[in-house]
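These notes concern the structure reproduced below.
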Amino acid sequence: MTDLPSLRETLDAHGLSAKKSFGQHFLLDLNVTRKIVRLAGPFEGRAVIEVGPGPGGLTRALLESDAGPVVLVEKDPRFIPLLTELDDGSGRLNIVEADALKVKEADLVSGPTHLVSNLPYNVGTPLLIKWLTGPWLPHSLTLMFQKEVAERVAAGPGEDAYGRLAVIAQAVCTARIVMHLPAAAFTPPPKVASAVVHLVPLDERPSPERLKKLERVTAAAFGQRRKMLRSSLKQLGGAALCEAAGIEPDARAETIDVAGFLRLADALQ
Numbered sequence: 224m225t226d227l228p229s230l231r232e233t234l235d236a237h238g239l240s241a242k243k244s245f246g247q248h249f250l251l252d253l254n255v256t257r258k259i260v261r262l263a264g265p266f267e268g269r270a271v272i273e274v275g276p277g278p279g280g281l282t283r284a285l286l287e288s289d290a291g292p293v294v295l296v297e298k299d300p301r302f303i304p305l306l307t308e309l310d311d312g313s314g315r316l317n318i319v320e321a322d323a324l325k326v327k328e329a330d331l332v333s334g335p336t337h338l339v340s341n342l343p344y345n346v347g348t349p350l351l352i353k354w355l356t357g358p359w360l361p362h363s364l365t366l367m368f369q370k371e372v373a374e375r376v377a378a379g380p381g382e383d384a385y386g387r388l389a390v391i392a393q394a395v396c397t398a399r400i401v402m403h404l405p406a407a408a409f410t411p412p413p414k415v416a417s418a419v420v421h422l423v424p425l426d427e428r429p430s431p432e433r434l435k436k437l438e439r440v441t442a443a444a445f446g447q448r449r450k451m452l453r454s455s456l457k458q459l460g461g462a463a464l465c466e467a468a469g470i471e472p473d474a475r476a477e478t479i480d481v482a483g484f485l486r487l488a489d490a491l492q
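FYI, the numbering for the sequence shown is 224 to 492, going by my numbering.
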């Protein structure tokens, strides 16, 4: 990797720039991408999937690491030739031109797999929900989001950012913000700061049926978050549902912890 031209030189050589429609903002500082990879590891030879690699700054750091196979999922065909230049012929790098929202990760890798990505801003949340609630869950997820979204993933009860995303994420994983990045770190700079969230699946993951119920309960509760649960959950059972779950009906959604929402999901008929 050290013999390659800089990322900026590579972009210029290919005549490439970020596409706003794809929510692209590139990390060109390899010191930053290496730090993200250190925070995501160690990988100990396990596979890594990267979504939206773009010019390959994070990819270079992954290929320098102790990762096993590195699978890139890139929707923008403009970057495929550039990413191909990172392939040393060993078979370790696999480039997949596809929409990450539609791809089946289990078809790309086998065994425990890490996800490490600077996610495109316009699909970051849908991708996270896909991985948390779908049939395939990685060994760990280290993901760059807009700062506001990262806070919504890691927030606890009573915090302003606490809501549906926090409950669903933390019902499945531990979640913590491990790095903050200013807008100036990116090319082109976005209008907001960013943050990296590290998620590790819990030993016991809720069943798909339980997660579906949890999504229903949190959608209702946080859809009218200023109302008491007896009102916001009225269509699902209201006060009776709360009492069955051992939750005070006059409480508001932002005060209920993840365990409380899981009890509400379990009480849902």
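Using N, Cα and C, we set each Cβ at its ideal position, and we do this for glycine too.
Here the structure is a predicted model, which means the values were calculated and not measured.
Kindly identify the DSSP beta-bridge partner or partners of L262.
Along the sequence shown, one-based indexing puts residue 262 at 39. Bridge partners of L262: none, in fact.
Just to confirm the assignment, what range does the beta strand (DSSP E) spanning Q393 have?
In the sequence shown, the residue the question calls residue 393 occupies position 170. Where Q393 is concerned, there is no enclosing beta strand (DSSP E), although the alpha helix (DSSP H) it sits in stretches over R387 to V395.
Top-ranked residue by Cα proximity to I391, from A406, L230 and G357:
Counting from one through the sequence shown, the residue named residue 391 turns up at place 168. The shortest Cα separation from I391 among A406, L230 and G357 belongs to G357.
Across the segment 318-334 and the segment 393-413, are there enough close Cβ pairs to call them in contact, namely three or more that are closer than 8 Å?
no
Is V440 closer than 7 Å to A394 when the C-beta atoms are compared?
Taking the first residue of the sequence shown as position 1, residue 394 is located at position 171. Taking the first residue of the sequence shown as position 1, residue 440 is located at position 217. No, the Cβ-Cβ distance between A394 and V440 is not below 7 Å.
Output needed for S288: all residues of its chain with C-beta closer than 7 Å, excluding positions within five of it in sequence on either side, in chain order.
Start at 1 with the first residue of the sequence shown, and residue 288 comes out as number 65. These residues qualify, in order along the chain: V260, G264 and F266.
At what residue ranges does the segment 334-375 contain a whole run of the beta strand (DSSP E), taking only runs of 3 or more?
Here the runs fully enclosed are 336-341 and 363-369.
Top-ranked residue by Cα proximity to M367, from L434, A482, L230 and K258
Your numbering for residue 367 matches position 144 in the sequence shown. The residue with the shortest Cα to Cα distance from M367 is K258.
Measuring alpha carbon to alpha carbon, tell me which residue in E438, V274, L388 and L281 is nearest V319.
Counting from 1 along the sequence shown, the entry for residue 319 is found at position 96. Comparing Cα-Cα distances from V319 to each of E438, V274, L388 and L281, the minimum goes to V274.
Need the endpoints of the alpha helix (DSSP H) that P304 sits in, please.
Within the sequence shown, the letter at position 81 stands for residue 304. Looking at the DSSP string, the run of the alpha helix (DSSP H) that includes P304 is I303 to T307.
Does the beta-carbon distance from D322 to K298 come in below 7 Å?
The count along the sequence shown starts at 1 and reaches residue 322 at position 99. The count along the sequence shown starts at 1 and reaches residue 298 at position 75. Contact: yes.
Comparing alpha-carbon positions, which option in K370, P472 and R269 lies nearest S417?
By 1-based counting over the sequence shown, the position of residue 417 is 194. Minimum Cα distance to S417 is reached at K370.
Do the CB positions of L452 and P472 come within less than 7 Å of each other?
Here residue 452 corresponds to residue number 229 of the sequence shown, with the count starting at 1. Here residue 472 corresponds to residue number 249 of the sequence shown, with the count starting at 1. Taking 7 Å as the Cβ cut-off, L452 and P472 qualify as a contacting pair.
Beta-carbon proximity check, G347 vs V376, cutoff 7 Å
Against the sequence shown, residue 347 aligns to sequence position 124. Against the sequence shown, residue 376 aligns to sequence position 153. No, they are not a contact pair.
Indicate whether L230 and G268 have their beta-carbon atoms separated by less than 7 Å.
Mapped onto the sequence shown, residue 230 falls at position 7. Mapped onto the sequence shown, residue 268 falls at position 45. Contact: no.
So, A468 versus R449, is the Cβ gap smaller than 7 Å?
The residue you call residue 468 lines up with position 245 of the sequence shown. The residue you call residue 449 lines up with position 226 of the sequence shown. No, these two residues do not count as a Cβ contact at 7 Å.
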